[in-house]
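Undergrad:
Residue numbers (this note's numbering): 13 to 262.
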């Protein structure tokens, strides 16, 4: 197994409160991995530690074999770890195509010149259209982002993330606020992204988790509880006790 991302004894304490406590996890290249747990389980804190929003109290984060624990957020993005939260400020006055092209130019260091004539940026156009096609957004290419339905805007956020050419894509409740039919479409697109992209996502909708995740990790009280396949997690009595029974009533 080639590991794309792993943590070793990762902890974040706020005074006496242990938001994350000694979490050691490994995610192989190409994983489609869900992180679940009751409210206050420490899921978002864990993502914040992975991306550099928080410095850990102890422990380490590794991207591949590289220790990235001390690297700032923007450097982790350059290394290939992208979170939609970090780049979800859409460009409301730009079209979808222009928005993705701008993100590509930012990655290439040419953002100051992104508005060159079309003939001068055909490579960026081709790459942007490729990303839009992969997300079934090509029909929206010439639409202003502010004109899109919310679910389509979330797909544009993912398109902007893909423009950074991530090795790791971290999604914090990507389906939040999206109608059920649209969220299923959104996750269908996410699940079919290229396998070189490793996906770790937080999601409260268990029907989505069990449909699209290949493995699931459960956190409770800031600590690791169990990890397994969707079938193993659904059958685990500890998970039923601390989370799945509660989730049915959310």
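Ideal Cβ placement from N, Cα and C applies to all residues, glycine included. Here the structure is a predicted model, which means the values were calculated and not measured.
Which same chain residues, not among the five before or five after residue 55, have their C-beta less than 7 Å away from its C-beta?
TA: Position 43 of the chain shown, counted from the first residue, corresponds to residue 55. Hits under 7 Å: 47, 49, 214, 231.
Undergrad: Need the endpoints of the beta strand (DSSP E) that residue 13 sits in, please.
TA: For the purposes of this step, residue 13 is taken as residue 1 along the chain shown, with counting starting at 1. Note, residue 13: premise wrong, no beta strand (DSSP E); not H, not E.
Undergrad: Can you look up residue 210 in the DSSP assignment and give me helix, strand or coil?
TA: Looking up residue 210 in the chain shown gives position 198. Strand at residue 210.
Undergrad: Using three-state DSSP, classify residue 182 as helix, strand or coil.
TA: One-based indexing of the chain shown puts residue 182 at position 170. Three-state result, residue 182: strand.
Undergrad: Does the region 198-212 come into contact with the region 109-116, if we say contact requires no fewer than three beta-carbon pairs (one atom in each stretch) closer than 8 Å?
TA: No, the region 198-212 does not touch the region 109-116.
Undergrad: Can you give me the C-alpha to C-alpha distance between residue 78 and residue 19, rounded to a whole angstrom?
TA: Numbered from 1 along the chain shown, position 66 holds the residue referred to as residue 78. Numbered from 1 along the chain shown, position 7 holds the residue referred to as residue 19. Roughly 11 Å between the two C-alpha positions.
Undergrad: Which whole-angstrom value describes the C-beta separation of residue 229 and residue 42, a residue pair presumed to lie in contact below a C-beta threshold of 8 Å?
TA: As a first step, residue 229 is located in the chain shown; it is residue number 217 there, counting from the start. As a first step, residue 42 is located in the chain shown; it is residue number 30 there, counting from the start. The Cβ separation is near 16 Å, so there is no contact.
Undergrad: Please list the terminal residues of the continuous beta strand (DSSP E) segment that includes residue 35.
TA: Against the chain shown, residue 35 aligns to sequence position 23. First-last of the beta strand (DSSP E) with residue 35: 29-35.
Undergrad: Provide the residue(s) that pair with residue 93 in DSSP beta bridges, ordered along the chain.
TA: On the chain shown, residue 93 is found 81 positions in, with the first residue counted as 1. In DSSP, residue 93 forms a bridge with 180.
Undergrad: Alpha carbon to alpha carbon, how far is residue 145 from residue 138? Give it in angstroms, no decimals.
TA: Counting from 1 along the chain shown, the entry for residue 138 is found at position 126. Counting from 1 along the chain shown, the entry for residue 145 is found at position 133. Rounded to whole angstroms, residue 138 to residue 145 spans 11 Å at the Cα level.
Undergrad: On the DSSP bridge list, what partners appear for residue 25?
TA: The residue you call residue 25 lines up with position 13 of the chain shown. DSSP lists 30 as partners of residue 25.
Undergrad: At the level of alpha carbons, what is the spacing between residue 141 and residue 61?
TA: Taking the first residue of the chain shown as position 1, residue 141 is located at position 129. Taking the first residue of the chain shown as position 1, residue 61 is located at position 49. Taking the straight line from one Cα to the other gives about 33 Å.
Undergrad: At 4 residues or longer, and completely inside the region 127-168: list those alpha helix (DSSP H) runs for me, N to C.
TA: With a minimum length of 4 residues, the continuous alpha helix (DSSP H) runs that stay inside the region 127-168 are 134-146.
Undergrad: My understanding is that residue 246 touches residue 224, with C-beta atoms under 8 Å, so please give their C-beta distance in whole angstroms.
TA: Within the chain shown, numbered from 1, the residue matching residue 246 stands at position 234. Within the chain shown, numbered from 1, the residue matching residue 224 stands at position 212. Not a contact, Cβ separation roughly 14 Å.
Undergrad: Taking 7 Å as the limit between beta carbons, can you name the residues of its chain near residue 233, skipping five residues before and five after?
TA: Against the chain shown, residue 233 aligns to sequence position 221. These residues qualify, in order along the chain: 53.
Undergrad: Rounded to whole angstroms, how far is the Cβ of residue 105 from the Cβ of residue 156, which I believe are closer than 8 Å?
TA: By 1-based counting over the chain shown, the position of residue 105 is 93. By 1-based counting over the chain shown, the position of residue 156 is 144. At roughly 7 Å, the Cβ-Cβ gap stays under 8 Å, so residue 105 and residue 156 are in contact.
Undergrad: What is the DSSP secondary structure of residue 63, counted as helix, strand or coil?
TA: Working through the chain shown from its first residue, we reach residue 63 at position 51. Three-state result, residue 63: helix.
Undergrad: State the Cα-Cα distance for the pair residue 9 and residue 39, rounded to the nearest angstrom.
TA: A query on residue 9 cannot be resolved here, the shown segment of the chain reaching from 13 to 262 and no further.
Undergrad: Taking the beta strand (DSSP E) that residue 74 falls in, what are its first and last residues?
TA: The sequence position of residue 74 within the chain shown is 62, counting from 1. Residues 70-75.
Undergrad: Is residue 183 near residue 96, with beta carbons less than 8 Å apart?
TA: To locate residue 183, count along the chain shown from 1; it is residue 171. To locate residue 96, count along the chain shown from 1; it is residue 84. Yes. Within cutoff.
Undergrad: Rounded to the nearest angstrom, what separates residue 84 and residue 170 at their Cα positions?
TA: The residue labelled residue 84 in the question sits at position 72 within the chain shown. The residue labelled residue 170 in the question sits at position 158 within the chain shown. Roughly 21 Å separates the two Cα atoms.
Undergrad: Apart from the five residues just before and just after residue 158, which ones in its own chain have a Cβ nearer than 8 Å to its Cβ?
TA: The sequence position of residue 158 within the chain shown is 146, counting from 1. 102, 104, 105, listed in sequence order.
Undergrad: Where does the unbroken beta strand (DSSP E) through residue 39 begin, and where does it stop?
TA: In the chain shown, residue 39 corresponds to position 27, counting from 1. Segment 38-40, the beta strand (DSSP E) holding residue 39.
Undergrad: Can you find the residues in the same chain that come closer than 7 Å, C-beta to C-beta, to residue 64, ignoring five residues on each side of it along the sequence?
TA: Locating residue 64 in the chain shown gives position 52, where the first residue counts as 1. Here the set comprises 83, 84, 85, 88.
Undergrad: Out of 34, 180, 192, which has the shortest C-alpha to C-alpha gap to residue 75?
TA: Within the chain shown, residue 75 is the residue found at index 63, counting from 1. Measuring from the Cα of residue 75, the nearest candidate turns out to be 180.
Undergrad: Might you give, ordered along the chain, the residues of its own chain that have their beta carbon closer than 6 Å to the beta carbon of residue 58, omitting 5 neighbours on each side?
TA: By 1-based counting over the chain shown, the position of residue 58 is 46. These residues qualify, in order along the chain: 32.
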